[in-house]
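Undergrad: Please see the structure below; I have some questions.
Protein chains in written order, with this note's numbering: chain A, 1 to 78; chain B, 1001 to 1703.
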């Protein structure tokens, strides 16, 4: 197991701390950071959308849902 | 920095007619504040060149000075992700003609304090005179010391606003009428490399630091050419070489400032896990129970629309009867004919369905403001992605059950162009409420009331809606597979906290829809009804001839000319005229047939079919059906047979017969290519579909 997990590796209800955003294309990375996904921020995974690939998290006092593709490039630490 | 009591507004500003831009994140309560400020003194228009709604209004300060306020679209940040968000930034930079902004009011929401503060910091970096409103409608209040700290942190005045609180509204208006306002320092340039780049651009282009930053981020404010453009690219390249992640660094620095502020003030603990929203979402977003909730909510809405709309519809019928009764007392004249048949018969039948549309939009408003809609998007994103759409396509499609036009406008929240285009293109296949009266009347003809149990009729109607919905989704899948394949956009979705919807805000929305209908749609329908009435009454047939006077009229002649084309579908020339008039708007089919067959408004008695919804139709509709049932051709055969009605229903399900929709699609897609393609393809599909149904039905021995 690698040292870092991605957001996809979490189980529902699990909390984590954001480590870094993998270098995907610049605009995606910027958009994710603007939402508040900056290094050191705390996240709790809530659940995955049915049949789909949205993942709901708590982030900075709000609930947000991210696409699988976006969540996959976010490295976290438990 | 203590905030001094507001000084009276200076005369220089009065003569200028100070204009405020109201900005904030989605769900920040911005629109509620806009409504509270302006009341009914608001207007809705469009920004030049784009169809983003421009809401603006005015209000009087406590000193009696009239101030303008512009409600800009909500956005997550000033880096645009959709056309709605792009207009926000363009307006703030003064790039939009006829839209001047002197000062900015930025709304921050206590429920999403951190993202709100991020947005506010971005706005403050524009270095315009700014005031911040802390929307504090929740129980969780900040102490006055914390508000003071927030003021110090942002460096601009902060006003606490509570919804439905007169005192806080007056305080807000006082703040807005201040003569002068502090602004943030010009540039928060985090690194030496960045501030050097900003300086270079400032020198070369003679602009403010905020504008220089916008150039650096790739926004072309002036339409640069040649030398200037090359110079800008050179500066961008050297900045990127020196500090590759300068944009990310700026974002992180803003959040670091916010984090340290939140920690120093202990503003709140992250206690979402104990919140009501969190507990509700365990059920609402549940992979099994979530669907029950979703189905329940939308079944409830459709039932509510049909059962609640009966009452205003009855009232309207009564009203029309009154007018009809009055008109009948007038001496016979051409004018009386025109008023009775042209105006009342045409417009009246359309107005009758207005309550249904308004009630549907009331429910959509409740869902939107309560916070359920993003949850529905969350649940439906998976299924909709299977047909090449995405969760955000849901609201446009839902609105399209009322009317395709607001549906198509609602696609602006979809960031990816191919998904947005697919949603726009399929929206006309979702059965809009203008088609409902046509379905109901034709079903009434196919399944006459005393003979068929009401369940069959309801079942048939549900069938029509299901088939058209499935066809629309199938079309989306086909479009995305063959015409515009492309990878699905990355999407983020915020699930705001649940809250009680503000009835006031919904009320304003409905009022606006009603106003648009009265001022734009109704005159159009009325003009068309009058023109059509003229065409179907002139030239007057000579009384010696034993024929229907309509047959010799202009409309009759057009219909007769059209007959060979539509005969294979089972229609006669009168239906042909009806279809032709539908191309202006579908509602006109009913009003046209009303004029053609001279159907008067009903007696107001209600036919009781025993079912909850469509049984209690206004009597005029069942009367309408019976008039159609009694129509015969020259050989004494019924014109409206079950088979020809079915063929007509198929035609109406699939044909795009709405000029307004075509115009909106043209505006939203930017070219005539898509509306033309849509019009022809859907027309051909409808024609062929109706042809197959009629001819196959005949071959199988149905009539």
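The C-beta atom is built at its ideal place from N, Cα and C for all residues, glycine as well.
If contact is defined by three or more beta carbon pairs under 8 Å, each pair taking one atom from either stretch, is the region 1553-1572 of chain B in contact with the region 1642-1656 of chain B?
TA: With a cut-off of 8 Å, the region 1553-1572 of chain B and the region 1642-1656 of chain B count as touching, because enough Cβ pairs lie within range.
Undergrad: What did DSSP end up calling residue 45(A) once you bin it into helix, strand or coil?
TA: The count along the first chain starts at 1 and reaches residue 45(A) at position 45. It is a strand residue.
Undergrad: Leaving out five residues on either side along the sequence, give the residues of the same chain with a beta carbon under 6 Å from the beta carbon of residue 1055(B).
TA: Position 55 of the second chain, counting from 1, holds the residue named residue 1055(B). 1044 and 1071.
Undergrad: Please report the residue range of the beta strand (DSSP E) in which residue 1135(B) lies.
TA: Mapped onto the second chain, residue 1135(B) falls at position 135. Segment 1130-1135, the beta strand (DSSP E) holding residue 1135(B).
Undergrad: Using a Cβ cut-off of 9 Å, pull out every chain B residue sitting near residue 6(A), in sequence order please.
TA: For the purposes of this step, residue 6(A) is taken as the residue at position 6 of the first chain. The premise fails here: residue 6(A) is roughly 15 Å from chain B at the closest Cβ pair, so nothing lies under 9 Å.
Undergrad: List the residues that DSSP assigns as beta-bridge partners of residue 1452(B).
TA: As a working mapping, residue 1452(B) is identified with position 452 in the second chain. None; residue 1452(B) has no bridge partner.
Undergrad: How is the alpha helix (DSSP H) around residue 1433(B) delimited, first residue to last?
TA: Sequence index remark: in the second chain, residue 1433(B) carries index 433 (1-based). Where residue 1433(B) is concerned, there is no enclosing alpha helix (DSSP H), given that its DSSP letter is neither H nor E.
Undergrad: What residues from the region 38-59 of chain A come within 9 Å of chain B, judged by C-beta to C-beta, listed N to C?
TA: Result list: 38, 39, 40, 41, 42, 44, 46, 47, 48, 49, 50, 51, 52, 53, 54, 56, 58 and 59.
Undergrad: If you draw a straight line from the C-alpha of residue 1143(B) to the C-alpha of residue 1181(B), how long is it?
TA: On the second chain, residue 1143(B) is found 143 positions in, with the first residue counted as 1. On the second chain, residue 1181(B) is found 181 positions in, with the first residue counted as 1. Going from the Cα of residue 1143(B) to the Cα of residue 1181(B) covers about 24 Å.
Undergrad: Would you verify that the beta carbon of residue 65(A) is, or is not, closer than 7 Å to some beta carbon of chain B?
TA: What you label residue 65(A) is simply residue 65 of the first chain in a count that begins at 1. Taking Cβ atoms only, chain B reaches closer than 7 Å to residue 65(A), which makes this a yes.
Undergrad: Does residue 1702(B) get closer than 7 Å to chain A when you measure Cβ to Cβ?
TA: If you number the second chain from 1, residue 1702(B) lands on position 702. No - not a single Cβ of chain A is within 7 Å of the one on residue 1702(B).
Undergrad: Check the Cβ-Cβ distances between residue 1255(B) and every residue of chain A, and say whether any is below 7 Å.
TA: Numbered from its first residue, the second chain carries residue 1255(B) at position 255. At least one chain A Cβ lies under 7 Å of residue 1255(B).
Undergrad: Quick check: is the beta carbon of residue 14(A) nearer than 7 Å to any beta carbon in chain B?
TA: What you label residue 14(A) is simply residue 14 of the first chain in a count that begins at 1. Taking Cβ atoms only, chain B never reaches closer than 7 Å to residue 14(A), which makes this a no.
Undergrad: Within a Cβ cutoff of 7 Å, which residues of the same chain sit near residue 1410(B), ignoring the five residues on either side of it in sequence?
TA: Residue 1410(B) sits at position 410 when you count from the first residue of the second chain. The residues are 1395, 1396 and 1399.
Undergrad: With a floor of 4 residues, list each alpha helix (DSSP H) that falls wholly inside the region 1615-1696 of chain B, ordered by position along the chain.
TA: Counting only runs of 4 or more, we get 1619-1629, 1642-1654 and 1659-1669.
Undergrad: Excluding sequence positions up to five away, which residues of its chain have a Cβ less than 7 Å from the Cβ of residue 1456(B)?
TA: Translated into the one-based positions of the second chain, residue 1456(B) becomes position 456. Once the five neighbours on either side are set aside, the close Cβ partners of residue 1456(B) are 1447.
Undergrad: Does DSSP classify residue 16(A) as helix, strand or coil?
TA: What you label residue 16(A) is simply residue 16 of the first chain in a count that begins at 1. The answer is strand: DSSP assigns residue 16(A) an E or B state.
Undergrad: Given that residue 78(A) touches chain B, what residues does it touch there, using C-beta distances under 9 Å?
TA: Residue 78(A) sits at position 78 when you count from the first residue of the first chain. Residues of chain B passing the Cβ test: none, with the nearest at roughly 17 Å.
Undergrad: If you reduce the DSSP assignment to three classes, tell me which class residue 980(B) lands in.
TA: What is shown of chain B runs 1001 to 1703, which leaves residue 980(B) out entirely.
Undergrad: Does residue 34(A) get closer than 7 Å to chain B when you measure Cβ to Cβ?
TA: Residue numbering aside, residue 34(A) sits at position 34 when the first chain is read from its first letter. Closer than 7 Å to some Cβ of chain B, the Cβ of residue 34(A) qualifies, so yes.
Undergrad: If you draw a straight line from the alpha carbon of residue 1617(B) to that of residue 1576(B), how long is it in whole angstroms?
TA: If you number the second chain from 1, residue 1617(B) lands on position 617. If you number the second chain from 1, residue 1576(B) lands on position 576. Here residue 1617(B) scores only 40 on pLDDT, less than 50, and its place in the model is too uncertain to base an answer on.
Undergrad: Helix, strand or coil for residue 1401(B) per DSSP?
TA: By 1-based counting over the second chain, the position of residue 1401(B) is 401. Three-state result, residue 1401(B): coil.
Undergrad: The beta strand (DSSP E) with residue 1059(B) in it runs from where to where?
TA: Counting from one through the second chain, the residue named residue 1059(B) turns up at place 59. First-last of the beta strand (DSSP E) with residue 1059(B): 1053-1060.
Undergrad: So is residue 62(A) in contact with chain B if we call contact Cβ pairs under 7 Å?
TA: In the first chain, counting from the first residue as 1, residue 62(A) sits at position 62. Yes - at least one Cβ of chain B is within 7 Å of the one on residue 62(A).
Undergrad: Listing by chain order, which chain A residues have their CB less than 8 Å from the CB of residue 1118(B)?
TA: As a first step, residue 1118(B) must be located in the second chain, where it is residue number 118. Within 8 Å Cβ-Cβ: 34 and 36.
Undergrad: Determine the contact status of residue 1526(B) and residue 1347(B), defining contact as a CB-CB distance below 7 Å.
TA: Within the second chain, numbered from 1, the residue matching residue 1526(B) stands at position 526. Within the second chain, numbered from 1, the residue matching residue 1347(B) stands at position 347. For residue 1526(B) and residue 1347(B), yes; Cβs fall inside 7 Å.
Undergrad: In chain B, which residues lie with their C-beta within 9 Å of the C-beta of residue 31(A)?
TA: Within the first chain, numbered from 1, the residue matching residue 31(A) stands at position 31. Residues of chain B passing the Cβ test: 1076, 1077, 1079, 1081, 1490 and 1492.
Undergrad: Taking CB distances under 7 Å as the criterion, tell me whether residue 1382(B) reaches chain A.
TA: To locate residue 1382(B), count along the second chain from 1; it is residue 382. Cβ-Cβ to chain A under 7 Å: yes for residue 1382(B).
Undergrad: What did DSSP end up calling residue 38(A) once you bin it into helix, strand or coil?
TA: As a first step, residue 38(A) must be located in the first chain, where it is residue number 38. Coil, per DSSP.
Undergrad: Please name the residue, chosen from 1104(B), 1161(B), 1697(B) and 1652(B), that lies closest to residue 1437(B) on a Cα-to-Cα basis.
TA: Counted from its first residue, the second chain places residue 1437(B) at position 437. It is 1652(B) whose Cα lies nearest to the Cα of residue 1437(B).
Undergrad: Could you say which of 19(A), 46(A) and 59(A) lies nearest to residue 1279(B) if we only look at CA atoms?
TA: As a first step, residue 1279(B) must be located in the second chain, where it is residue number 279. Looking at the Cα atoms, 46(A) is the closest of the given residues.
Undergrad: Under the rule that 16 or more other beta-carbon atoms within 10 Å means buried, what is residue 1136(B), buried or exposed?
TA: By one-based count along the second chain, residue 1136(B) stands at place 136. It is buried - the Cβ of residue 1136(B) has at least 16 other Cβ atoms within 10 Å.
Undergrad: Three or more beta-carbon pairs under 8 Å between the region 67-77 of chain A and the region 1458-1478 of chain B, yes or no?
TA: Touching, no, given that fewer than three Cβ pairs across the two stretches are closer than 8 Å.
Undergrad: May I ask you to report which of helix, strand or coil DSSP gives residue 1200(B)?
TA: The residue you call residue 1200(B) lines up with position 200 of the second chain. If DSSP states are grouped into helix, strand and coil, residue 1200(B) belongs with the helices.
Undergrad: Are the region 44-59 of chain A and the region 1376-1388 of chain B touching by the rule of at least three beta carbon pairs closer than 8 Å?
TA: Short answer: they touch.
Undergrad: Nearest chain A C-beta to residue 1153(B) closer than 7 Å, yes or no?
TA: Mapped onto the second chain, residue 1153(B) falls at position 153. So no, residue 1153(B) is outside the interface.
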